[in-house]
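Position 81 of the sequence shown, counting from 1, maps to 81 under UniProt numbering, and the rest follow consecutively.
Ideal Cβ placement from N, Cα and C applies to all residues, glycine included.
Owing to the predicted nature of the structure, the values given are computational and were not obtained by experimental measurement.
Below is one structure, written out as structure tokens; comments come after it.
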Amino acid sequence: MPLISDLTVVDSSLPMILPPFDVEWIWFCHTLNPVSYREYCERRFSKLVGRAVIYDEENREYALFRCREIWNSKYPFESFENEASSDSQDSDTVVAEDDVFKEVEKRRLLCSKFMEPYRSELVYLIAARQRYKAFLFMMQRFASECSSRLVPTSDILLMWLTHQSYPTVYMEDLKALALESYMQKVATLSETVKDKEFEETKKLWDRAFNQPYEKAGGEVPLTLEGAIAIKSPVSWEESDTDVNTKYRSLLPRLLLEACVFVRPKPRIKALQKDTNREFLRLRMIRCHSELKLDEAISNFPFDSWKKAWNLYCEFGTKGVVLEYRRHGGGNCLKRSSRQDTISFRWNDLLRADSLTLEKEVSQQVNVVVSITPPVQAPYLLKCVPDRVTDDSGAMISDVFLKLNSYRPQEGRWLSRTVLDHAGRVCFVIRIR
């Protein structure tokens with residue numbers, strides 16, 4: 001810190017240097033407590049020490065090389081890389097009392113909160129930045145009225161932590177927005193929040209933008225008091241690039257998360273319209289023709305958005321279709337009739353602001369659909385029975401016996417065809 005402080009000149013651009021990874025991580029964690037970091041800098045250096053913004057790998061390599069040169073010149077007897085071993089005999093009692101150590105300890109699981117590969121997609125980051133700006137705007141308008149803490153969603157939290165990690169920029173922006181005294185109301189990653197606080201945040205967001213607060217890729221990352229954590233049914237621990245080079249017949253499988261929120265129009269309540277026979281049906285545009293997910297209109301509240309469906313879909317399904325349907329008369333055997341239909345295509349959602357679209361169905365209900373960018377998922381393979389063959393690969397049948405003048409076929413092989421997620425043939429496995 002003294003090194004970067006000596007290189008920092010007030011009212012000029014920040015020095016383009018990058019410390020070794022361990023120092024960079026400690027520095028990053030320290031900046032995530034802006035009050036503590038500012039007090040530390042003022043006490044030690046009489047100024048706020050900022051971090052330079054490094055956009056690409058080439059600049060990163062240059063900044064690291066330059067820092068190494070300056071470090072070796074300033075501290076010739078101190079190694080640039082951390083050479084301490086895990087069994088170091090340093091006193092833990094001294095370290096444990098240090099404020100910086102406490103901040104690092106609180107952030108030890110930080111990366112696991114944002115491990116999904118879609119979070120590094122540019123289109124996701126742009127959408128998250130827009131929602132973070134909207135969150136700050138909401139605070140400007142309503143933070144003074146709110147008595148409880150505000151709970152950020154995971155995409156907003158990601159942008160907030162990134163913003164905090166550049167202290168000089170963060171403080172200038174808060175001062176310009178007059179939000180310096182209100183940011184203490186926002187719950188941080190290491191805190192447990194109450195369900196009431198999250199509900200209050202959702203109401204403020206709805207009041208400001210008339211939109212659902214949660215979205216696909218924008219769930220609650222904090223621990224809700226009394227809530228049970230639900231693990232995602234999809235394993236996102238995959239590379240964002242296809243590492244398969246041996247089996248070219250295997251094509252990548254792209255997966256995305258989709259959230260569907262529904263709210264009936266207020267005029268339905270005003271007209272006291274009976275909606276007990278009406279329901280929404282969700283189907284896929286392509287594939288899975290038998291999939292029909294129904295939800296009664298009477299289950300949706302008028303004063304808030306309700307998450308009707310949270311889906312994990314393959315990009316090849318193209319999108320979702322929502323049908324507004326009405327059950328028949330008293331005859332329970334009579335099928336429902338379709339009143340109106342709307343569709344949400346994945347490609348349209350990828351081009352939409354915040355990866356979200358809103359539509360109206362049958363002039364009765366507002367529907368908001370949001371998605372995450374499609375990313376590569378684990379391969380999904382299916383093995384189906386195939387014909388029995390001989391040693392030459394010919395099918396065991398009377399036809400081949402006749403063609404070979406009834407010469408007995410030699411060998412018996414069981415065959416299995418391996419299909420991928422789209423039903424394409426990938427392999428044929430033969431077992432003797």
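Query                                                                                                                                                                         : Result
Say yes only if the C-beta of Gly217 is nearer than 6 Å to one or more non-hydrogen atoms of the ligand SAM, and no if none qualify.                                          : Judged by which ligands are present, the structure shown has none, so any question about the ligand SAM falls away.
How would you call Phe315, buried or exposed, if buried means at least 16 neighbouring beta carbons within 10 angstroms?                                                      : buried
Hey, out of Ser235, Arg129 and Leu204, whose CA is closest to Leu150's CA?                                                                                                    : Leu204
Quick check on His421: buried or exposed, where buried means 16 or more other Cβ atoms within 10 Å of its Cβ?                                                                 : buried
Going by C-alpha to C-alpha distance, which of Phe142, Gln376 and Asp206 sits closest to Leu251?                                                                              : Gln376
Going by the DSSP bridge assignment, what does Gln376 pair with across the sheet?                                                                                             : Leu254
Cβ of Thr417 within 7 Å of Cβ of Asp386?                                                                                                                                      : yes
To the nearest angstrom, how far is the alpha carbon of Val369 from that of Asn347?                                                                                           : 13 Å
Can you tell me which of Gln164, Thr201, Ala143 and Leu161 puts its alpha carbon nearest to the alpha carbon of Ala178?                                                       : Ala143
Once the 5 residues before and after Thr93 are set aside, which same chain residues still bring their CB inside 7 Å of it?                                                    : Per-residue confidence for Thr93 stands at a pLDDT of 49, beneath the threshold of 50, marking its modelled position as unreliable; the derived number appears in the next sentence. Answer for Thr93: no residue qualifies.
Relative to the C-alpha of Lys185, which residue among Leu109, Ile156, Ser147 and Ser46 is closest?                                                                           : Ser147
Ignore the nearest five residues each way along the sequence and tell me which others in Ser5's own chain have a CB closer than 6 Å to its CB.                                : Phe45 and Val49
Taking the CB atoms as reference points, tell me whether Leu256 and Thr356 lie closer together than 7 Å.                                                                      : no
Taking all protein chains shown into account, do 16 or more other C-beta atoms lie within 10 angstroms of the C-beta of Asn33, making it buried, or fewer, making it exposed? : buried
Hey, quick one: how far does the beta strand (DSSP E) through Arg345 stretch, first residue to last?                                                                          : Ser337 to Arg345
For Pro266, name the three-state secondary structure that DSSP assigns.                                                                                                       : helix
Leaving out five residues before and five after Arg432 in sequence, what residues of the same chain have Cβ atoms less than 6 Å from its Cβ?                                  : Trp413
Could you pull the DSSP bridge partners for Phe261 from this structure?                                                                                                       : Lys307 and Val368
Among residues of its own chain, excluding the 5 on either side of Ile268, which ones have a beta-carbon nearer than 7 Å to its beta-carbon?                                  : Thr275 and Gln364
Tell me whether Val321 sits in a helix, a strand or coil according to DSSP, three-state version.                                                                              : strand
So if DSSP puts Phe315 in a beta bridge, which residue, or which two residues, is it bridged to?                                                                              : In the DSSP output, where bridge partners are listed per residue, Phe315 has none listed.
Which of helix, strand or coil does DSSP assign to Thr192?                                                                                                                    : strand
Would you check if the distance between the CB atom of Pro221 and the CB atom of Lys113 is smaller than 7 Å?                                                                  : yes
Of all the CB atoms in chain D, is at least one closer than 7 Å to the CB of Ala296?                                                                                          : Absent from the structure: chain D. Only one protein chain is present.
Suppose you measure from the CA of Leu122 to the CA of Gln140; what does that come to, to the nearest Å?                                                                      : 27 Å
Can you find the residues in the same chain that come closer than 8 Å, C-beta to C-beta, to Ile285, ignoring five residues on each side of it along the sequence?             : Thr317, Lys318, Gly319, Val320, Val321, Ser343 and Arg345
With DSSP as the reference, identify every bridge partner of Met284, one or two as the case may be.                                                                           : Val320
Under the DSSP definition of a beta bridge, which residues are partnered with Thr417?                                                                                         : Val384 and Val428
Mapping DSSP to helix, strand and coil, what is Ala216?                                                                                                                       : coil
Quick check: what's the CA-CA separation for Glu42 versus Ser13?                                                                                                              : 19 Å
For the alpha helix (DSSP H) that Leu357 lies in, which residues bound it at each end?                                                                                        : Run containing Leu357: none in the alpha helix (DSSP H); it sits in the beta strand (DSSP E), Thr356 to Val361.
Buried or exposed: Leu280, going by 16 or more other Cβ atoms within 10 Å of its Cβ?                                                                                          : buried
If Pro264 sits next to Ile297, beta carbons under 8 Å apart, how far is it from one beta carbon to the other, in whole angstroms?                                             : 6 Å
Comparing C-alpha positions only, which one of Arg430, Ser362 and Asp206 sits nearest to Ser392?                                                                              : Arg430
Whose C-beta lies closer than 7 Å to the C-beta of Cys383 among residues of the same chain, with five residues either side of it excluded?                                    : Arg416 and Val418
Could you give the first and the last residue of the continuous beta strand (DSSP E) run that contains Glu295?                                                                : Leu293 to Ala296
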